[in-house]
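Have a look at the structure below, then the notes.
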Amino acid sequence: MDPFYFVSNIGELYVPAEYRDIVFARARAKLFAHQELGHLNRIFTHIRHGGVAVVEGEWEQILVLMAYIQRHKQDLVQQPDRNAKRRDRRDSHRRSASSALKEALARLMCWADADGILQVEPTPVLPYLLELAGEPTGVNEGKPFLLPLIKIQQIQDALAEVYPIRALDASLVASENVLAPRSQETIECFQEALQHIRGAGAPKKVADIGCGSGCLTLLARQELGEQTELYASDLLPEAIATTKLNLQRLLPDSDAIQVMPAGDLFAPFTSYQFDVVIFNAPWVVARVRNRAELAIHDEKQETVKRFFTQVSDFLKPDGAILLGYADASGPKAIGNLEAIIAEAGFTVDAVFKRRIATHRSKRKWEQIRVYILHQR
């Protein structure tokens with residue numbers, strides 16, 4: 403499917419993969435700009451009939467339009483089957499109204515120019531907007547793009563929350579789907595591990611694989627010093643964007659940290675070799691159900707296995723791995739992890755641990771570990 407869609411008075415717009423079915427389904431995307439935003443029922447009717455409303459103008463008026471759609475959600479659904487039981491009809495209608503509203507709001511879209519500037523007034527400050535929506539850097543080929551208003555609000559809501567980090571004496575943000583740096587204990591274990599390897603001399607080149615919010619990248623910069631070259635990578639474009647945002651907030655004048663394009667594990671790197679590789683691995687042995695769980699869930703520990711089949715190609719012979727893990731999935735998962743480490747030819751030189759309380763009834767305590775590993 404062609405990712406670009408032509409809208410009169412704008413031109414070709416890039417459509418993120420998640421929303422292409424919505425935009426291309428009936429090929430009826432129409433621009434409603436400025437004074438036209440006041441025609442609430444006209445825009446609502448366009449959306450109700452399956453069209454996409456691309457809006458431009460005052461942000462407050464766009465929010466009024468969104469509220470209008472929400473108030474009229476009952477008009478978006480067909481009446482339930484009269485032959486069904488009354489309770490079944492009521493439950494069916496409630497579910498269908500909720501589903502219809504979600505679909506309708508997905509067809510209320512804003513557009514941003516090629517530089518990612520939303521065409522609304524006042525313009526919100528949202529750098530890396532397309533990446534924050536989960537799209538790779540540069541995928542729009544220098545053209546404007548579309549995003550549903552509801553997605554923009556979700557990104558804004560996520561970035562509005564800040565996470566204080568004791569080890570950094572600073573606060574970070576974490577966008578939607580990005581693992582928020584809530585675990586002070588995990589960060590402090592990594593801090594101890596970084597201080598431990600610094601004792602043998604500051605490493606020259608370090609990679610943070612699965613950088614997420616950029617917390618461990620910033621921690622490595624703090625503990626290892628400016629002379630260390632730092633590289634950050636992650637599978638999710640929204641994590642790459644979040645790391646860039648946090649680097650700009652805390653190190654606005656620094657270019658010592660290179661944030662790579664999004665890619666799985668070592669895919670963003672070619673001939674690099676590092677003195678230290680940092681990897682806070684997904685620690686729950688379970689199936690991934692959504693993007694937000696990619697940093698946490700690792701079915702059959704396949705991600706950890708793939709990491710150890712690749713890491714030797716990117717690690718100097720005397721290099722070290724700083725591996726974060728937790729025993730959330732029980733002692734068997736820890737045993738499997740340590741067997742994977744041994745089979746890959748690594749030895750454990752040190753382990754830094756913290757015991758933390760959980761909110762689970764069956765398991766009240768959990769142990770966080772950061773291993774320092776070297777090749778045999």
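For the sequence shown, my numbering begins at 403 and goes up steadily by one.
Ideal Cβ placement from N, Cα and C applies to all residues, glycine included.
- Shown here, Q472 sits in a helix according to DSSP, grouped into three states.
- For I589, the CB contacts under 7 Å within the same chain, skipping 5 residues up- and downstream, are I567, A569, P583, C617 and L621 in chain order.
- Counting only the Cα atoms, F676 lies some 7 Å from G721.
- A straight-line Cα-Cα distance of about 15 Å links Q463 and L507.
- Beta-bridge analysis with DSSP links E458 to A435.
- Here R509 is buried. Its C-beta has 16 or more other C-beta atoms within 10 Å.
- A535 sits away from L520, with the two beta carbons spaced by 9 Å or more.
- Excluding five sequence positions before and after R757, the CB atoms of its chain that fall closer than 7 Å to its own CB belong to W767 and Q769, given in chain order.
- A Cβ-Cβ contact shorter than 9 Å links L626 with L632.
- Per the C-alpha coordinates, the member of D477, K718 and E628 positioned closest to H451 is D477.
- Scanning the stretch 494-563 for uninterrupted alpha helix (DSSP H) segments of 4 residues or longer gives 531-534 and 551-562, listed from N- to C-terminal end.
- By the criterion of a C-beta distance shorter than 7 Å, S577 is surrounded in its chain by L534, I557, A560, L561, E640, A643 and T644, once the five residues flanking it on both sides are discounted.
- The three-state secondary structure of H451, taken from DSSP, is coil.
- Between F547 and G726, the C-beta spacing is not below 9 Å.
- By the Cβ rule, the stretch 433-453 counts as touching the stretch 409-416, because three or more pairs are nearer than 8 Å.
- Taken in chain order, the unbroken stretches of alpha helix (DSSP H) that lie wholly in the stretch 609-638 and span 4 residues or more are 617-626.
- In the DSSP assignment, A595 falls within the alpha helix (DSSP H) that extends over Q586 to R600.
- The criterion of a C-beta distance shorter than 9 Å is not satisfied by M511 and V466.
- Secondary structure of K755 (DSSP, three-state): strand.
- When secondary structure is reduced to three states using DSSP, Y421 falls in the helix class.
- Secondary structure remark: continuous beta strand (DSSP E) runs of at least 3 residues inside the stretch 667-717, in chain order: 676-682.
- DSSP links S573 through a beta bridge to P566.
- Under the Cβ criterion (8 Å, minimum of three pairs), the stretch 656-666 does not count as touching the stretch 595-602.
- Shown here, D720 sits in a strand according to DSSP, grouped into three states.
- Assignment of T760 by DSSP, reduced to helix, strand and coil, places it in the coil class.
- The beta-carbon distance between L574 and V564, rounded to whole angstroms, is 7 Å. This is short enough to meet the 8 Å contact definition.
- DSSP places E414 in the strand class (E or B) of the three-state scheme.
- Judged by pairs of C-beta atoms under 8 Å, the stretch 682-701 does not touch the stretch 743-750, as fewer than three such pairs exist.
- Short of 6 Å from the beta carbon of F710, and not among the five residues preceding or following it, lie these beta carbons of its own chain, in chain order: I742 and A746.
- In the same chain as A572, and ignoring 5 residues on each side of it, the C-beta atoms closer than 7 Å to its own belong to L652, in chain order.
- Here DSSP, grouped into helix, strand and coil, assigns A728 to strand.
- Around the beta carbon of Q703, 16 or more other beta carbons sit within 10 angstroms, so the residue counts as buried.
- By the 16-neighbour rule on beta-carbons within 10 angstroms, Y470 is exposed.
- Around the beta-carbon of P719, fewer than 16 other beta-carbon atoms lie within 10 Å, marking it exposed.
- A direct Cα-Cα distance of roughly 24 Å separates N542 from P524.
- Within the same chain, and ignoring the five residues on either side of T619 in sequence, the residues whose Cβ sits closer than 7 Å to its Cβ are D610, C613, L632, A634, T645 and I659.
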